[in-house]
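Note sheet for the following structure.
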Amino acid sequence: MIYLPRTQSISQSRRRFLRYLAGGASSSLIFGSIASAKSRELSLEYLCSRFPLNSRCKDYLPGVQAQDTQEKPIQVDVLLTQIKPNVPVLVQGLPNRDRAYLVITEKQQIAPYAIRPICTHLGCTVAWQSTENRFVCPCHGSQYDAQGRVVKGPARRSLPIITAIVKQNQVRLVELSPAIDPR
Numbered sequence: 134m135i136y137l138p139r140t141q142s143i144s145q146s147r148r149r150f151l152r153y154l155a156g157g158a159s160s161s162l163i164f165g166s167i168a169s170a171k172s173r174e175l176s177l178e179y180l181c182s183r184f185p186l187n188s189r190c191k192d193y194l195p196g197v198q199a200q201d202t203q204e205k206p207i208q209v210d211v212l213l214t215q216i217k218p219n220v221p222v223l224v225q226g227l228p229n230r231d232r233a234y235l236v237i238t239e240k241q242q243i244a245p246y247a248i249r250p251i252c253t254h255l256g257c258t259v260a261w262q263s264t265e266n267r268f269v270c271p272c273h274g275s276q277y278d279a280q281g282r283v284v285k286g287p288a289r290r291s292l293p294i295i296t297a298i299v300k301q302n303q304v305r306l307v308e309l310s311p312a313i314d315p316r
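Here the sequence shown is numbered in our numbering, starting from 134 and rising by one per residue.
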């Protein structure tokens with residue numbers, strides 16, 4: 134009867150199992166502490182652009198104020214009396230003097246997103262053509278509707294969007310895309 138080698142292999146496998154268990158548990162604890170530390174670092178800018186109805190965002194104005202083409206701040210009550218539904222409004226105010234188009238809904242309201250006029254095919258700047266009622270890319274002819282969705286290729290993806298927040302009679306532009314694409 135030789136039981137000695139078998140007990141040695143069982144004790145070795147038991148030790149190996151305990152080492153794996155201890156290593157996995159310590160790795161889980163380390164990963165959990167790193168992940169929770171990152172989640173606590175949410176900026177108020179990020180929080181209020183994703184969840185504008187959050188109670189901490191009541192008086193906070195995220196992003197930058199949208200301006201018209203003459204660099205005057207846009208006032209919502211004045212803008213809504215001058216615009217037509219489904220006709221995007223060109224605004225500026227983003228860093229690097231980038232422009233965006235505010236989307237005006239059927240109910241004559243400003244949508245919670247603005248369109249970046251950058252063609253998703255090759256990155257050319259698209260412009261709103263009021264005669265065609267579409268955004269048209271001058272490089273390869275891609276066309277997009279008033280919400281930035283592809284109507285005619287070669288582009289396959291919709292125009293990129295950023296968050297637009299209407300608050301305190303201002304339109305604020307945040308360079309983050311909305312949590313859910315509302316198109």
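Built from N, CA and C at the ideal position, the CB exists for glycine as well.
In chain order, which beta strand (DSSP E) runs of at least 3 residues are fully inside the stretch 167 to 239?
222 to 225, 232 to 237
With H, G and I counted as helix, E and B as strand and the rest as coil, what does DSSP make of LEU162?
helix
Is there contact between the stretch 204 to 213 and the stretch 283 to 295, where contact requires at least three CB pairs shorter than 8 Å?
no
Would you identify the three-state DSSP class for ALA155, choosing helix, strand or coil?
helix
Using the Cα positions of ILE313 and ILE295, report the straight-line distance between them to the nearest angstrom.
11 Å
Close Cβ partners of PHE184 (< 6 Å) along its chain, the five nearest in sequence each way excluded:
none
If we count the other Cβ atoms within 10 Å of its Cβ and call it buried at 16 or more, is SER275 buried or exposed?
buried
Buried or exposed by the 16-neighbour rule on C-beta atoms within 10 Å, applied to ARG148
exposed
Under the rule that 16 or more other beta-carbon atoms within 10 Å means buried, what is PRO221, buried or exposed?
buried
Using a threshold of 9 Å, state whether the C-beta atoms of ARG249 and ASP278 are closer than that.
no
Check the C-beta distance from ARG316 over to ARG282 and give it rounded, since I have them as a contact under 8 Å.
6 Å
Give the DSSP-derived three-state secondary structure of GLN145 in the structure shown.
helix
Look up GLN262 in the DSSP assignment and give the residues it is bridged to.
ARG267
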